[in-house]
Amino acid sequence: MLNAQDVARLATLDRQALGQPHRTVSSPMACARATTQALNLAATFDDDLREVDYGQWAGRSLRDVAASQPDALSAWLADTAMDAHGGESLQAVLARAGRWLNQCEPGHTLAVTHASVIRSIVLHVLEAPARAGMRIDIAPLTLTTLSGHAGQWRVASVAVPLHFGGAGGDAGGAGGGA
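Per my numbering, the sequence shown starts with residue 59, numbered consecutively.
Structure (structure tokens):
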């Protein structure tokens, strides 16, 4: 979830980094909604952009899950089809992220979503296996850019820090994103 500092930083965002989107689509989850609101963006919400359903692990840190259920966590990380935690497998996230991208309308779309979904979209474009997502870091409040259309996508950049204005109007880079 965005904290007060993140909201204040978003108010100083150099909006040119976002381009001139024809549409903004967001995850329906609270942190993505807060990001669109802080950016003063009119967005539609798409369930395919939601965060991974972590099932019984929701709201817990990986460290906590590793301490209480080390075998289950190891299995989930090793087997991208595993959903025994009562949530969603990594393969399922990859499939819905790919479905969302494949039905994207022509034109510039700004999507506000989560690191897991961004990783899955990048993997879909690269036709990489779900397991490769463990090797991609996506920081909050960053921008990933794709180009293309009609299923012919290319990755232009991944997790580029956004530029925020500082005191006196100085621009500086910062990591972070919904």
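By construction, the Cβ of each residue, glycine as well, lies at the ideal position given by its N, Cα and C atoms. These numbers were taken from a predicted model, which means no experiment stands behind them.
Residues of its chain near residue i, where Cβ-Cβ distance is below 7 Å and the 5 sequence neighbours each way are ignored
i: Asn-160; result: Gly-209
i: Asp-195; result: Ala-217
i: Ala-315; result: With the chain covering 59 to 236 only, the question about residue 315 has no answer from this structure.
i: His-182; result: Leu-152, Ala-155, Gly-156, Leu-159
Length of the line joining the Cα atoms of residue i and residue j
i: Arg-118; j: His-143; result: 12 Å
i: Met-192; j: Arg-177; result: 9 Å
i: Gly-233; j: Ser-215; result: With a pLDDT of only 33 at Gly-233, under the threshold of 50, the placement of this residue in the model should not be trusted; the figure read from the coordinates follows. So the two alpha carbons sit approximately 14 Å from each other.
i: Glu-146; j: Ala-62; result: 30 Å
i: Arg-189; j: Ala-136; result: 8 Å
i: Leu-220; j: Phe-103; result: 22 Å
i: Ala-169; j: Gln-127; result: 34 Å
i: Met-140; j: Trp-134; result: 5 Å
i: Ala-223; j: Cys-89; result: Strictly speaking, residue 223 in this sequence is Gly, with Ala absent from that position. Looking at the two C-alpha atoms, the distance is approximately 22 Å.
i: Ala-65; j: Ala-150; result: Ala is not the amino acid found at residue 65; the sequence shown has Val there. When rounded, the distance between both Cα atoms is 31 Å.
i: Ser-130; j: Leu-120; result: In the sequence under discussion, the amino acid at residue 130 is Ala, which differs from the Ser named in the question. Each residue's Cα considered, the two are about 11 Å apart.
i: Ser-114; j: His-172; result: This sequence places Gln at residue 114; Ser is not what is there. Cα-Cα distance, rounded: 19 Å.
i: Ser-132; j: Met-59; result: 26 Å
i: Leu-76; j: Val-213; result: 16 Å
Residue i - containing alpha helix (DSSP H), residue span
i: Ala-169; result: Run containing Ala-169: none in the alpha helix (DSSP H); it sits in the beta strand (DSSP E), 167-170.
i: Arg-154; result: 148-160
i: Thr-70; result: That residue, Thr-70, is in no alpha helix (DSSP H); it is neither H nor E in DSSP.
Neighbour-count burial assignment, residue i, 16 or more Cβ in a 10 Å radius
i: Glu-109; result: buried
i: Glu-203; result: Inspection of the sequence shows that residue 203 is occupied by Thr rather than by Glu. Result: exposed.
i: Ser-174; result: buried
i: Thr-94; result: buried
i: Gly-206; result: exposed
i: Arg-154; result: buried
i: Arg-73; result: exposed
Boundaries (first-last residue) of the beta strand (DSSP E) holding residue i
i: Val-83; result: 81-84
i: Pro-219; result: 210-223
i: Leu-99; result: That residue, Leu-99, is in no beta strand (DSSP E); it is neither H nor E in DSSP.
Given residue i as reference, the closest of the options once Cα atoms are compared
i: His-80; options: Ala-130, Ala-116, His-166; result: His-166
i: Ala-186; options: Gln-74, Gly-223, Leu-148; result: Leu-148
i: Ser-85; options: Asp-111, Phe-222, Leu-68, Asp-72; result: Asp-111
i: Leu-184; options: Pro-198, Glu-163, Trp-211; result: Trp-211
i: Pro-198; options: Ala-92, Gly-77, Asp-106; result: Ala-92
i: Leu-107; options: Val-123, Ala-116, Met-87; result: Met-87
Proximal residues to residue i (C-beta, below 8 Å), its chain only, five neighbours per side dropped
i: Ala-69; result: Ala-96
Same chain, Cβ closer than 6 Å to residue i, neighbours up to 5 away in sequence not counted
i: Cys-162; result: none
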